[in-house]
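Under numbering that gives the first Met the number 0, the first residue of the sequence shown carries the number 0, and numbering increases by one thereafter.
Notes for the one structure printed next.
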Amino acid sequence: MHKSGVTVVLAAGDYRAEIVSVGAGIASLTYRGRHLVIPHPPEEMPLAHLGKVLLPWPNRITDGRYQYAGKTYLPAINDRAGNTAIHGLLAWQNWQIVEQTPSHVTLSAFLAPTYGYPFMLSAEVSYWLDESAGLSARILSRNIGDVTAPYGAGIHPYLTCNLQPVDECELVLPTSAVFDALSRTWLSVDELDFQQRRQIGATVIDHTFKAPEGLSAYQVELSHPQTRQSAWLRTSAPWLQIYSGEKLDRKGLAVEPMSCPPDAFNSGIDLVHLSPGASHQLRFEIGGK
């Protein structure tokens, strides 16, 4: 046992992954020894929510306050700079390993009711490593309480081309639909349009994007032309948070698939109303070369 709980090592072909039980997080993912996500030593507490699963909400609840079914709730503010309740309640909890093989692991957690979130969920995260497809994952939650619960899901990996600066990398992001959660308006920002592959350069990104319309799945790709390395994330999640990693010296790009945008507990946009006995899942894949 260490600061990230227990480490599970997965292997398949040229892929290797380290999954840690705290936050059901991705501590590392490599292909032929090259990093596809920014890693962290499992024995250390990672910065910037590296690889953590975000439940029962991704991103933030503004001012640590929301109303649901006519009642006001006050989850703890854990982002003092932004005065928000950020990234849910399970990112720093120790999950239980319930199934494990050399290329697969499933972890589970029980989310007990609290004053700020008086709902009861069971959560399960499964990771599969395949020698051709890379890392596949499913986040599955079920309402095991007796009242409908507000809910959202996400995860916080940082794609990287073996820790090369993102300034030197090219990005393909198949959407330019930028959503400002504070004003609840859509933005048109030319410098954030990466639908055609182009270099990131000095562009600072910390924005919410709506998934492209009409696609059952889509892919975000980060590539480094000089070394011919690339990393990609594929998902069907309706929202993405993209962040250029200033807290991590711009060595990678956070690509966070989310079921809802920031502050959905207040806006109601794509908020999941999880009825008793109902479940919700979010899937994604990460690979590269």
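Here a beta-carbon is modelled for each residue, glycine too, at the ideal position from N, C-alpha and C.
Source: prediction; values computed, not measured.
A distance of 8 Å or more separates the beta carbons of Ser102 and Glu284.
Taking a cut-off of 8 Å for Cβ pairs, the region 145 to 154 and the region 192 to 205 do not touch, as fewer than three such pairs fall below it. Counted as a single uninterrupted DSSP element, the alpha helix (DSSP H) harbouring Ala263 occupies residues 263 to 266.
DSSP, read as helix, strand or coil, puts Val188 in coil.
Where Tyr114 is concerned, there is no enclosing beta strand (DSSP E), because DSSP gives it neither an H nor an E.
Around the beta carbon of Pro256, 16 or more other beta carbons sit within 10 angstroms, so the residue counts as buried. Under DSSP, Asn93 forms a beta bridge with Val21.
If you compare the alpha carbons of Arg249, Gln92, Asp13, Ile199 with that of Glu169, the shortest gap goes to Ile199.
Counting other Cβ atoms within 10 Å of its Cβ, Pro261 reaches 16 or more and is therefore classed as buried. Of the other Cβ atoms in all chains shown, 16 or more fall within 10 Å of the Cβ of Leu247; this residue is therefore buried. Restricting attention to Asp189, Gly251, Arg33, the CA atom closest to the CA of Glu167 is found in Gly251. A check of alpha carbon separations from Asn82 across Leu181, Ser278, Ile96 identifies Leu181 as the nearest.
Within the DSSP secondary-structure output, Phe178 pairs in a beta bridge with Trp185, Thr207.
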